[in-house]
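Notes for the one structure printed next.
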Amino acid sequence: MKEVEFQNRDTETKANSYWDELSNQKMIVNTKRGVESKKNFRATGEKRDDLVKVANRVREAYHEKDRGDFLPSTNETLKVTPDLTTLESKDGDFRYKDNNNYSLSETEQPKISEQTSSLLWTKKISENYNKHERSRIDKIKAGFSHYMMRNEAERKQVSAKPSLFKQATRLVMDKLGIKIPGSEERRNREAMHVALVEYHEEKLLREKEWEENKKIEEAQEREREAIKEVQNRIEETQREQKALERDMQDARSDAERKKLDRLKTQRVQEIVEKDLNSRLLKVEDLEAETFFDNPEIQKHKMVFRGSEIPVYDLKGLPFTLLSHTVDYRNSGGPTLDEIGQETYLKVMEDPGVWNERQDKVMEASGYGTRNKDARGNTISASFWNSKTNIESYKSGELIYGFEQVSADSIINIFDGDGNTKNMYGKEDAGLSNQNRLDEISRPHTGGQYNEVLLRRYSENGIPKNPDYIITEGTVSEIALKHASFFNIPIININKAVYKEKMKTRGEELLNSIDENNTYLELSQKLEELLSMNEFTRKYSFLNTIGRNDDVPTLPNNADVLTERLFEVSKLEQQKRLEFIEGLLENYISDIEQATRENKLAPRPDQVKDLSIQVFDARQLISSYEDVDKYDDTQSSAFNFVKILFKLENGLQAPETIIYDGENYFNREGTIRNDQIEPKEFGQEDSSFYRKFEPLVRRYFEAYRENRKINKRN
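Just so we're aligned, residue 91 is where the sequence shown starts under our numbering, counting upward by one.
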């Protein structure tokens, strides 16, 4: 409070000189406005008089306030407003009204102390002045967006704050519309300082706010990252859990699948082994045929080192054998590698080597190796019979025969040489087809001989020994020695008799083939006929038709049998095409009928594994039953239809390819017009293609439409 009183006394001193100067000032006014109108001049004079009066009253008010006598006279009420614009007398001679005035009349004296009143009065003047100057400050501050205005303000600013008295005076002058150039310049500079202070404060505030927002954003980002990391860890844990569950499920499924596969394989193995044992020639069967004096078999005995060896001469008796050629390594000459070269010689010399138990064999240096003294735990045998594949074994000086196999003996069966290792004895069986023996009984489906891989030792390490020795017309001393050692008979096969018998049967089959045969009948006859090597060597299937080089031609210097088989091959192709055409017509009808009944059509009952492809050489599109796809792997420049199937008896029918031989396309999809050798022209034929291509397309369309039922249901 003392500070305020001091300020008031200081203000009085300044006010005496300022108001004296203001009273004596001639109120420099705009001369143009004074000349324009007397009325305006008169108004200016009145404003000057009013200003003098107001100045006197304000000065008196300050004097009286400092003397503690700040009360209006009885005949007037002084209303001090925040902007000091209203002085009202009771007689109404001089009053300026303001709706926001604060009355200090006798009847409305504030019941507060003088010090409190002085503070309120001072505060109101300062607040109103600041409010009044706000527009000036804001206008200046608005220009700070340009750095030149800001630099000018920095240079011109006045930091000294106007006194309370100056603030009041300026308010009064603004109310009366009086503008003093020096005062306006001063006020602008003061406003520049305030604007700069506010500008920098606002700038600092904005920077602080930006930093705080940045910190908040960073904190929020860290929080988001933390949440995201937690979520990622949770998701990763969930993924790992799912992956673990999936792996466990896959492992269980894989284990179950492997278990199921093993069970299936074991079941197939059991069936094949049972089938094999039922087919193999047994000594007791030979004894029975001998007892009934079958002319196709003779029994006699040969003496070797004091022992009588039974010998059965087969002269036409049908047989099925499972054999192992001991001296196989000797039959190939120098082209064979050295694996087991010494071993087989030891076996030939001493049958006891074959009869050694597994534990002793494992002590040998060659066990498990591929050296010349190699020993192993497997037996490579061949399956052959007198009717269809009498040549499907390896000929040799010493051949062991087996009349049966024990359970879990067959590891696998191959059409030709299985390229097996001698240490496969512990491997699981690899059989998947219970009709495997039928497949390897056809010589044209495999090589010169087939292979049946057997386990050599039982679970107790006992080797599998032969049940008889097989000879090919002549009984050697080595055969007698081994038969004597194992106490088994010898089966001596007169192959010439069987070949002559086979030739006679072949002639019968060949004579029975004619136009009246159906394709199924013809296929069955051909299957048996071509099981005989004499006929197989001279027969060729006609798999393709349509191109110039697909026209069948008879070889030069062909004998009578070759000519007859050539005619059979043409008849077979004709019957096969007719069969395929009828098959597709009937199957399309069955599919369309099933579709009308909203049923899924079954596969055709006359064939198995039907597979058809249509290739468009122009577009490079291969079409199948259920898909059309781009195919640039085909080397053919002709459109073609390819058909594969097996007959219901399991016999694989020849591949049938029908070419659009009259249209030859290059890789750009246009018909070739370059020069072609004359011999390549003349016998092209697209008639079969034009017949089968739309038929196959109909089949594809019907098949795909029917398969939609399966998807819907």
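Every residue gets a Cβ at the ideal spot worked out from N, C-alpha and C, and that includes glycine. Small disclaimer: the values here were computed from a predicted structure and weren't measured.
Given residue i as reference, the closest of the options once Cα atoms are compared
{"i": "Tyr-547", "options": "Glu-598, Lys-591, Arg-447 and Ile-268", "result": "Arg-447"}
{"i": "Trp-474", "options": "Pro-408, Ile-429, Gly-430 and Pro-692", "result": "Pro-408"}
{"i": "Arg-693", "options": "Ile-681, Glu-297, Glu-687 and Lys-372", "result": "Ile-681"}
{"i": "Arg-279", "options": "Glu-297, Glu-307 and Asn-241", "result": "Asn-241"}
{"i": "Pro-400", "options": "Ile-559, Asp-640, Gly-596 and Leu-612", "result": "Ile-559"}
{"i": "Met-452", "options": "Glu-274, Arg-465, Thr-564 and Ser-679", "result": "Arg-465"}
{"i": "Phe-656", "options": "Leu-616, Asn-688, Asn-753 and Leu-667", "result": "Leu-616"}
{"i": "Glu-549", "options": "Ser-499, Met-438 and Arg-797", "result": "Ser-499"}
{"i": "Phe-755", "options": "Ser-713, Phe-728, Thr-327 and Ser-679", "result": "Phe-728"}
{"i": "Glu-618", "options": "Val-641, Pro-556, Ile-670 and Arg-532", "result": "Arg-532"}
{"i": "Lys-256", "options": "Ile-215, Glu-244 and Glu-598", "result": "Ile-215"}
{"i": "Glu-597", "options": "Asp-721, Leu-620, Gly-458 and Ala-586", "result": "Leu-620"}
{"i": "Ser-496", "options": "Lys-665, Pro-556 and Ile-429", "result": "Pro-556"}
{"i": "Gly-396", "options": "Glu-313, Arg-329, Leu-295 and Ser-574", "result": "Ser-574"}
{"i": "Ile-702", "options": "Asp-375, Asp-695 and Arg-787", "result": "Arg-787"}
Cross-strand partners of residue i (DSSP beta bridge)
{"i": "Met-392", "result": "Ile-399"}
{"i": "Pro-553", "result": "Tyr-547"}
{"i": "Asp-640", "result": "For Asp-640, which the question treats as bridged, DSSP gives no partner whatsoever."}
{"i": "His-414", "result": "Tyr-490"}
{"i": "Glu-439", "result": "Answer is none; Glu-439 lacks a bridge partner."}
{"i": "Leu-737", "result": "Val-697"}
{"i": "Ile-503", "result": "Val-542"}
{"i": "Leu-90", "result": "One cannot answer for residue 90 here, as it falls past the ends of the chain, which runs 91 to 803."}
{"i": "Thr-561", "result": "Asn-582"}
{"i": "Asp-718", "result": "Ser-713"}
{"i": "Tyr-289", "result": "In the DSSP output, where bridge partners are listed per residue, Tyr-289 has none listed."}
The beta strand (DSSP E) enclosing residue i, as first and last residue numbers
{"i": "Trp-474", "result": "468-475"}
{"i": "Ser-499", "result": "Counting along the chain, Ser-499 falls outside any beta strand (DSSP E), and DSSP gives it neither H nor E."}
{"i": "Thr-746", "result": "746-749"}
{"i": "Ser-821", "result": "The requested residue 821 is not part of the displayed model; the chain covers only 91 to 803."}
{"i": "Asp-699", "result": "697-706"}
{"i": "Ile-429", "result": "Neither: Ile-429 is in no beta strand (DSSP E) and is coded neither H nor E."}
{"i": "Thr-626", "result": "Careful: Thr-626 lies outside any beta strand (DSSP E), inside the alpha helix (DSSP H) at 623-626."}
Beta-carbon proximity check, residue i vs residue j, cutoff 8 Å
{"i": "Leu-527", "j": "Leu-674", "result": "no"}
{"i": "Ser-470", "j": "Thr-410", "result": "no"}
{"i": "Asp-507", "j": "Glu-481", "result": "no"}
{"i": "Gln-359", "j": "Leu-521", "result": "yes"}
{"i": "Asn-582", "j": "Asp-750", "result": "no"}
{"i": "Lys-822", "j": "Gly-406", "result": "This structure does not reach residue 822, given that the chain is present from 91 up to 803, and the question cannot be answered."}
{"i": "Thr-634", "j": "Ile-799", "result": "no"}
{"i": "Arg-277", "j": "Arg-226", "result": "yes"}
{"i": "Trp-444", "j": "Pro-553", "result": "yes"}
{"i": "Arg-637", "j": "Glu-783", "result": "no"}
{"i": "Val-704", "j": "Phe-735", "result": "no"}
{"i": "Gln-494", "j": "Lys-462", "result": "no"}
{"i": "Leu-570", "j": "Gly-491", "result": "no"}
{"i": "Arg-794", "j": "Asp-716", "result": "yes"}
{"i": "Asn-467", "j": "Met-513", "result": "yes"}
{"i": "Ile-711", "j": "Phe-730", "result": "no"}
{"i": "Ser-726", "j": "Ala-743", "result": "no"}
{"i": "Gln-663", "j": "Leu-690", "result": "no"}
{"i": "Glu-624", "j": "Lys-593", "result": "yes"}
{"i": "Ile-678", "j": "Ala-792", "result": "yes"}
{"i": "Leu-600", "j": "Arg-654", "result": "yes"}
{"i": "His-572", "j": "Pro-385", "result": "no"}
{"i": "Ile-429", "j": "Arg-460", "result": "yes"}
{"i": "Glu-517", "j": "Tyr-609", "result": "no"}
Range covered by the alpha helix (DSSP H) that runs through residue i
{"i": "Ile-270", "result": "Counting along the chain, Ile-270 falls outside any alpha helix (DSSP H), and DSSP gives it neither H nor E."}
{"i": "Tyr-609", "result": "609-619"}
{"i": "Phe-669", "result": "650-686"}
{"i": "His-572", "result": "567-576"}
{"i": "Lys-450", "result": "448-451"}
{"i": "Ile-804", "result": "Given a span of 91 to 803 for the chain in the structure shown, any question on residue 804 remains unanswerable."}
{"i": "Glu-379", "result": "373-381"}
{"i": "Glu-774", "result": "That residue, Glu-774, is in no alpha helix (DSSP H); it is neither H nor E in DSSP."}
{"i": "Lys-516", "result": "That residue, Lys-516, is in no alpha helix (DSSP H); it is neither H nor E in DSSP."}
Chain D contact for residue i (CB, 8 Å cutoff)
{"i": "Ser-249", "result": "Protein chain content of the structure displayed is limited to a single chain, and chain D is not contained in it."}
Review point. Is the region 410-420 touching the region 478-489, taking contact as three or more C-beta pairs under 8 Å?
Key: Counting C-beta pairs closer than 8 Å gives three or more between the region 410-420 and the region 478-489, which meets the contact rule.
Check your understanding: Counting pairs of beta carbons, one from the region 727-746 and one from the region 646-654, are three or more of them closer than 8 Å?
Key -> With a cut-off of 8 Å, the region 646-654 and the region 727-746 do not count as touching, because too few Cβ pairs lie within range.
Practice item. Report yes or no: do the region 216-234 and the region 287-297 share at least 3 C-beta pairs separated by less than 8 Å? Key: yes
Check your understanding: Between the region 561-568 and the region 343-361, are three or more C-beta pairs nearer than 8 Å?
Key -> no
Practice item. Would you check if there are 3 or more beta carbon pairs closer than 8 Å linking the region 345-353 to the region 363-378? Key: no
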